[in-house]
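> These protein sequence lines are chains F and E, in that order.
Just so you know, we're using UniProt numbering here: the first sequence kicks off at 1 and counts up by one.
Just so you know, we're using UniProt numbering here: the second sequence kicks off at 1 and counts up by one.
Even glycine gets a Cβ: it sits at the ideal position worked out from N, Cα and C.
None of these values were measured; they are calculated from a predicted model.
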Amino acid sequence: MTQVLSRRNFLASSAGLVISMTLPLAARAQSGAAAAFQSGATDEASFAPNAFVRVAPDDTVTVIIKHIEFGQGPFTGLATLVAEEMDADWSQMRAENAPANDELYKNLAFGMQGTGGSTAMANSYMQMRKAGAAARAMLVAAAAEDWGVPESEITISKGQISHGSGKSSGFGALAEKAAGLTPPEDPPVKSADQFVLIGTDLPKLDTRAKSTGTAIFTMDVYREGMVTVVVAHPPKFGATVASYDDSAALEVPGVQAVRQIPQGVAVYATSTHAALRGREALSVEWDDSAAETRSSAAIFEAFSKAASEGGKDAEMLGDGAAGIDGAAQVIEAEFRFPYLAHAPMEPLDGVIEVREEGAEVWMGSQFPALDKPTIVQTLGLSPESAQLNVMLAGGSFGRRAQDTAHFAGELAEVAKAAGGPGSFKLVWTREDDLHGGYYRPLTVHKMRAGLDGDGKLTGWEDVVVNQSIMAGGPMAQMMQDGMDPTSYEGSTKMPYDLGNVRVGWAQQESPVSVLWWRSVGHTHTGYATEVFLDMVLEAQGKDPVQGRLDLIREDAARDRGVLEKVAEMAGWDGTKVKGDKAYGVAVHESFETYVAQIAEVSDAGGYPRVHRVWCAVDCGVAVNPNVIRAQMEGGIGYGLGSVLFDEITLADGGAVLQSNFDNYRMLRIHEMPEVTVEIIASDADPTGVGEPGVPPIGPAVSNAWRALTGKSVTELPFLKTMEA
Amino acid sequence: MVSFELNGKDVSVDVPEETPLLWVLRDELQMTGTKFGCGIAQCGACTVMLNGMTRRSCVTPVSMVDGSSVTTIEGIDGPEAEAVQAAWEGLDVPQCGWCQSGQVMSATALLMEIPKPSDEDIDNAMAGNICRCATYVRIRKAIHDAADKLEG
Chain F
1 MTQVLSRRNF
11 LASSAGLVIS
21 MTLPLAARAQ
31 SGAAAAFQSG
41 ATDEASFAPN
51 AFVRVAPDDT
61 VTVIIKHIEF
71 GQGPFTGLAT
81 LVAEEMDADW
91 SQMRAENAPA
101 NDELYKNLAF
111 GMQGTGGSTA
121 MANSYMQMRK
131 AGAAARAMLV
141 AAAAEDWGVP
151 ESEITISKGQ
161 ISHGSGKSSG
171 FGALAEKAAG
181 LTPPEDPPVK
191 SADQFVLIGT
201 DLPKLDTRAK
211 STGTAIFTMD
221 VYREGMVTVV
231 VAHPPKFGAT
241 VASYDDSAAL
251 EVPGVQAVRQ
261 IPQGVAVYAT
271 STHAALRGRE
281 ALSVEWDDSA
291 AETRSSAAIF
301 EAFSKAASEG
311 GKDAEMLGDG
321 AAGIDGAAQV
331 IEAEFRFPYL
341 AHAPMEPLDG
351 VIEVREEGAE
361 VWMGSQFPAL
371 DKPTIVQTLG
381 LSPESAQLNV
391 MLAGGSFGRR
401 AQDTAHFAGE
411 LAEVAKAAGG
421 PGSFKLVWTR
431 EDDLHGGYYR
441 PLTVHKMRAG
451 LDGDGKLTGW
461 EDVVVNQSIM
471 AGGPMAQMMQ
481 DGMDPTSYEG
491 STKMPYDLGN
501 VRVGWAQQES
511 PVSVLWWRSV
521 GHTHTGYATE
531 VFLDMVLEAQ
541 GKDPVQGRLD
551 LIREDAARDR
561 GVLEKVAEMA
571 GWDGTKVKGD
581 KAYGVAVHES
591 FETYVAQIAE
601 VSDAGGYPRV
611 HRVWCAVDCG
621 VAVNPNVIRA
631 QMEGGIGYGL
641 GSVLFDEITL
651 ADGGAVLQSN
661 FDNYRMLRIH
671 EMPEVTVEII
681 ASDADPTGVG
691 EPGVPPIGPA
701 VSNAWRALTG
711 KSVTELPFLK
721 TMEA
Chain E
1 MVSFELNGKD
11 VSVDVPEETP
21 LLWVLRDELQ
31 MTGTKFGCGI
41 AQCGACTVML
51 NGMTRRSCVT
61 PVSMVDGSSV
71 TTIEGIDGPE
81 AEAVQAAWEG
91 LDVPQCGWCQ
101 SGQVMSATAL
111 LMEIPKPSDE
121 DIDNAMAGNI
131 CRCATYVRIR
141 KAIHDAADKL
151 EG
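1. Starting from Gln260 of chain F, follow its DSSP beta bridges and name the residues at the other end.
2. Who are the Cβ neighbours of Ala33 of chain F in its own chain at under 8 Å, not counting the five residues just before and after it?
3. Between residue 727 of chain F and Val627 of chain F, is the Cβ-Cβ spacing less than 8 Å?
4. Go through its chain and collect everything with a Cβ distance to Leu181 of chain F's Cβ below 7 Å, but skip five positions before and after it.
5. Decide yes or no for the touch test of the segment 349-364 of chain F against the segment 375-382 of chain F: beta carbon pairs closer than 8 Å, at least 3 of them.
6. At a CB-CB cut-off below 9 Å, which residues of chain F make contact with Ile114 of chain E?
7. Could you tell me if the beta carbon of Thr228 of chain F falls within a distance shorter than 7 Å of some heavy atom in the ligand ATP?
8. So which residues of chain E does Pro49 of chain F contact, with C-beta pairs closer than 8 Å?
9. DSSP beta-bridge partners for Cys615 of chain F?
10. For Ala122 of chain F versus Pro686 of chain F, is the C-beta spacing smaller than 8 Å?
11. So Met345 of chain F and Cys99 of chain E are in contact, right, with Cβ under 8 Å, and what is the actual spacing, rounded?
12. Would Thr214 of chain F and Gly33 of chain E qualify as a contact pair, given that the criterion is a beta-carbon distance under 8 Å?
13. Which residues in the same chain have their Cβ closer than 7 Å to the Cβ of Gly323 of chain F, if we skip the five residues on either side of it in sequence?
14. Does DSSP put Trp90 of chain F in a helix, a strand or coil?
15. Return the residue from the list F:Leu174, F:Gly164, F:Phe110 that minimises the CA-CA distance to Pro49 of chain F.
16. Can you say whether Ile216 of chain F is buried or exposed, counting buried as having 16 or more other CB atoms within 10 angstroms of its CB?
17. So is Arg94 of chain F in contact with chain E if we call contact Cβ pairs under 8 Å?
18. With a cut-off of 8 Å on the beta carbons, I'd call Leu549 of chain F and Arg560 of chain F a contact; round off their distance for me.
19. Could you tell me which whole alpha helix (DSSP H) segments of length 4 or greater appear in the segment 165-230 of chain F?
20. When we look at the beta-carbon of Gly166 of chain F and count the other beta-carbons within 10 Å, is it buried (16 or more) or exposed?
21. Quick one: which chain F residues come within Cβ less than 8 Å of Glu80 of chain E?
22. State the beta-bridge partners of Glu360 of chain F as determined by DSSP.
23. Please state whether DSSP places Pro24 of chain F in a helix, a strand or coil.
24. Can you give me the start and stop residues for the beta strand (DSSP E) that Val11 of chain E sits inside?
25. Hey, does Val137 of chain E have any beta-carbon neighbour from chain F nearer than 8 Å?
26. What does a CB cutoff of less than 7 Å around Ser602 of chain F pick up in its chain, not counting 5 residues either side in sequence?
27. Within its chain, find whatever has a CB closer than 6 Å to the CB of Ala100 of chain F; leave out the 5 residues flanking it on each side and keep chain order.
28. Against chain E, does His670 of chain F count as a neighbour if the rule is that its beta carbon must be under 8 Å from one of theirs?
29. Three Cβ pairs or more, each shorter than 8 Å: is that satisfied between the segment 460-468 of chain F and the segment 680-696 of chain F?
30. From which residue to which residue does the beta strand (DSSP E) around Glu332 of chain F run?
31. Going by beta carbon distance, what residues of the same chain come within less than 7 Å of Leu22 of chain E, once the five residues before and after it are set aside?
32. In the DSSP assignment, find the alpha helix (DSSP H) that holds Gly553 of chain F and state where it starts and stops.
33. Under 8 Å between the Cβ atoms of Phe591 of chain F and Val444 of chain F?
34. Kindly identify the DSSP beta-bridge partner or partners of Trp505 of chain F.
35. Output needed in chain order: residues of the segment 92-123 of chain E with a Cβ under 8 Å from some Cβ in chain F.
36. Whose CA, out of F:Gly710, F:Ala179, F:Gln597, lies closest to the CA of Glu674 of chain F?
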């Protein structure tokens with residue numbers, strides 16, 4: 001096979017290489033978190049007390065961020081923790097992405113390097129504070145030695161190290177001396193009452209670059225002699241290439257080569273435009289023999305039938321569903337949730353540079369621990385010879401958290417098929433993104449509740465039917481007894497005392513790939529449970545807020561706290577409809593963060609118009625309230641757009657109907673409600689905020705809409721119900 | 001060969017004339033602040049100014065800008081742009097940041113046309129710019145803040 005790039009081009013491009021990994025990662029042979037506290041300066045004048053902190057001679061403190069930044073705020077949040085313990089001034093703080101390195105940068109909640117489940121702050125909270133505290137202790141020791149004074153007499157405030165004798169210094173001047181000291185094994189950290197920065201609205205470190213167009217994302221990486229690649233993917237899930245004709249594609253100016261890879265047919269070109277035109281000119285015959293050929297409608301019917309059969313027990317409390325039998329009144333509803341694409345604004349992309357020995361990769365890798373080995377194995381490299389640079393990413397919402405490392409695999413296959421060294425940028429278009437699968441699983445909830453003659457609940461049943469995200473991938477080993485809790489999380493362990501409860505799960509199979517979508521199972525369980533509960537409370541003649549408060553268990557104080565707070569914020573007085581506006585409430589915990597929302601909704605010609613949303617959140621210690629508010633605002637907008645407009649639909653035959661933002665509609669500015677957020681004061685350990693703002697908005701709007709119109713929306717999106 | 005003024009400097013590119021301006025800016029001129037989001041003028045991430053008016057560069061053939069003046073996020077200046085970017089920083093508008101170049105371009109153009117926009121003016125001017133992170137609450141407030149600052 002001829003090489004896509006000439007040897008000459010490769011040599012030209014490798015001449016200007018700079019090894020961009022700035023942290024020396026030669027830790028002593030130690031395991032666990034302690035390994036991350038090794039000293040190792042990058043140059044003579046810098047001070048890197050551990051794998052997370054680097055102090056430069058100009059006083060800047062760079063925090064190496066082990067979690068990918070795609071808007072949820074770890075650059076700012078994790079840097080805050082270090083700054084707090086160093087007593088640094090916020091203006092001297094910087095952040096940069098950690099490269100792929102499982103040993104140093106593992107997520108302590110996962111045991112591998114990766115971001116997800118709203119764990120960034122929760123798992124880093126003590127680790128990053130310890131990293132900052134170690135740096136501080138070494139700077140203090142260096143100052144004490146330099147000045148000949150006891151360490152105990154030295155103070156640090158806003159980045160200035162001082163002694164009562166009048167001596168003072170910034171961090172930079174003492175960096176070299178500090179670098180020669182031994183890092184403390186277990187430096188003490190502050191108590192909460194000593195916090196200066198934690199709990200304040202520090203400006204985000206990445207805002208300026210993102211407001212001026214200077215932030216560099218994966219797609220912005222240009223290497224000398226780089227080839228742009230697009231791949232023709234199968235139009236149906238599970239289909240494969242039968243044959244292809246590349247003669248017309250190869251005639252497109254700029255197209256250099258066409259190669260078949262396991263994922264489809266790759267077109268290599270000198271520019272993005274040429275690659276796209278080449279792909280248009282390509283003719284591919286697909287083998288659909290193993291493809292999903294059912295429509296969404298047919299899949300819904302099959303899932304609905306499976307729901308009627310009850311599934312396996314996911315949770316049994318009291319007498320389970322038996323409590324519903326013989327009830328005076330049985331309330332039933334079947335909820336239907338479509339496949340959803342994440343549609344991050346930056347579509348999937350990656351750059352790989354294969355050299356004579358090894359490779360360097362740039363991508364918005366959310367699971368470096370899985371992406372890097374996939375690339376290394378595909379190309380037959382040693383782990384040491386490959387470097388994965390984690391880049392800023394233009395959104396993810398779960399899309400880049402690939403347990404199968406499918407995009408890294410495609411990138412590596414593109415490089416492999418090129419047949420030699422070179423730089424390759426693989427770009428997915430929006431059409432690739434929306435057709436590309438890895439959707440929020442299509443889901444059915446079949447819900448039943450029984451009321452006795454006095455209107456008292458006798459039982460609650462929720463049968464969930466969907467594909468498992470974990471099954472079939474490397475996470476399958478985490479499933480116990482064949483159960484995937486991410487399929488029904490939120491339907492189980494509800495904060496309410498409902499007496500007799502049964503939650504069932506019926507796992508389904510399909511070649512359509514599925515993935516976690518911002519809040520995962522809670523995307524549908526939050527809606528199904530909170531809308532259905534509202535229907536039950538209505539049947540009981542109870543107020544939506546007081547009715548919930550009456551049901552919340554004694555030990556669910558944080559659910560109660562956010563519900564009481566949001567009711568206070570919205571001035572809830574039990575009146576669901578005021579004039580032309582109606583109010584709906586929902587409360588839902590996900591990833592140990594508790595969120596309650598009240599939505600104000602009117603009827604805009606058959607569609608809900610959401611005017612205002614009140615949101616109360618309890619995420620433990622609020623490290624940066626500004627970031628928390630932003631995530632609640634964004635989560636509300638993301639969730640609202642999806643419940644109002646979005647579905648990925650398989651047509652008869654199995655092809656996806658939606659292709660771009662003209663038919664997969666995003667929430668736009670005129671559809672965004674005003675949002676008021678309050679954060680519950682707490683000294684509990686911090687939990688995440690990237691996802692938990694999403695689940696309550698759908699049911700809050702739906703409950704308001706039912707109050708206003710009498711219509712229960714049980715099939716999403718709203719748009720579908722309105723058009724029916 | 002197509003020649004135009006880019007951020008005040010003359011540039012010439014030798015590409016097929018139907019090539020979208022977006023890919024000329026990025027692939028040929030390495031001006032990467034202008035982003036790709038959809039390719040069909042639905043999301044606004046690729047917004048630039050063409051002779052002072054906002055334009056979706058992803059559907060603009062480069063031949064169309066021959067002899068024209070193009071301004072990208074890297075080149076905007078003037079009181080409106082400065083006020084918008086300062087307000088963006090003041091409110092920490094961006095989350096992932098991918099759409100924000102386009103948002104800043106559209107907001108700047110709005111203030112150049114309507115110095116004191118109403119909420120409805122903002123809706124009309126900004127509805128073509130999708131933000132998947134839904135930073136819309138802050139975009140709206142930042143535009144009002146920028147207008148106030150320009151007025152003050």
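Reading from the atomic positions:
1. BP columns for Gln260 of chain F point to F:Val265.
2. For Ala33 of chain F, the predicted model reports a pLDDT of 31, less than 50, meaning its position is unreliable; a value from the coordinates is still stated below. Excluding positions up to five away in sequence, the list reads Leu108, Gln127, Lys130.
3. Residue coverage of chain F in this structure runs from 1 to 724, which leaves residue 727 of chain F outside it and unanswerable.
4. Contacts found: Met138, Ala141, Ala142.
5. Counting Cβ pairs under 8 Å, three or more are found: they touch.
6. Listed along chain F is no residue with a C-beta nearer than 9 Å to that of Ile114 of chain E; the closest approach is about 15 Å.
7. As far as ligands go, the structure on display features none, and thus does not contain the ligand ATP.
8. Against Pro49 of chain F, chain E offers no close residue; the least beta-carbon distance is about 29 Å (beta-carbon pairs closer than 8 Å).
9. F:Gln597, F:Val677, per the DSSP bridge assignment.
10. Pairing Ala122 of chain F with Pro686 of chain F gives a Cβ-Cβ distance under 8 Å.
11. Going by Cβ atoms, the distance from Met345 of chain F to Cys99 of chain E rounds to 5 Å, so yes, they are a contact pair.
12. Note that the C-beta distance between Thr214 of chain F and Gly33 of chain E is below 8 Å.
13. Within the same chain, Gly323 of chain F has close Cβ partners Gly450, Thr458, Gly459, Gly499, Asn500.
14. In this structure, Trp90 of chain F counts as helix in the three-state DSSP scheme.
15. The option with the nearest alpha carbon to Pro49 of chain F is F:Leu174.
16. Counting C-beta atoms within 10 angstroms of its own C-beta, Ile216 of chain F has fewer than 16 neighbours from the protein chains shown and is therefore classed as exposed.
17. It does not; no Cβ of chain E falls within 8 Å.
18. A Cβ-Cβ separation of about 6 Å places Leu549 of chain F in contact with Arg560 of chain F under the 8 Å criterion.
19. Correct list: 175-179, 207-211.
20. Taking all protein chains shown into account, Gly166 of chain F has fewer than 16 neighbouring C-beta atoms within 10 Å of its C-beta and is therefore exposed.
21. For the C-beta of Glu80 of chain E, not a single chain F residue is nearer than 8 Å; the gap to the nearest is close to 14 Å.
22. Glu360 of chain F has F:Glu353, F:Gln387 as its beta-bridge partners, per DSSP.
23. Residue confidence for Pro24 of chain F is low, a pLDDT of 27 falling below 50, so the modelled location carries little weight and cannot support an answer.
24. 9-13 is the span of the beta strand (DSSP E), which, as asked, contains Val11 of chain E.
25. It does: the Cβ of Val137 of chain E has a partner Cβ on chain F nearer than 8 Å.
26. Excluding sequence neighbours, Ser602 of chain F sits near Asp580, Lys581, Arg609, His611.
27. Hits under 6 Å: Pro368, Lys372, Leu388.
28. Interface residue, yes.
29. Two segments are said to touch when three or more pairs of C-beta atoms, one from each, lie closer than 8 Å; by this definition the segment 460-468 of chain F does not touch the segment 680-696 of chain F.
30. Here the beta strand (DSSP E) through Glu332 of chain F covers 329-337.
31. So the qualifying residues of the chain are Thr34, Phe36, Cys46, Ser57, Cys58.
32. At residue 553 of chain F the sequence reads Arg, which differs from the Gly that was named. Neither: Arg553 of chain F is in no alpha helix (DSSP H) and is coded neither H nor E.
33. Between Phe591 of chain F and Val444 of chain F, the gap from beta carbon to beta carbon reaches 8 Å or more.
34. DSSP output for Trp505 of chain F lists F:Lys312, F:Val464 as bridge partner(s).
35. Result list: Asp92, Val93, Pro94, Gln95, Cys96, Gly97, Trp98, Cys99, Gln100, Ser101, Val104, Ile122, Asp123.
36. Looking at the Cα atoms, F:Gln597 is the closest of the given residues.
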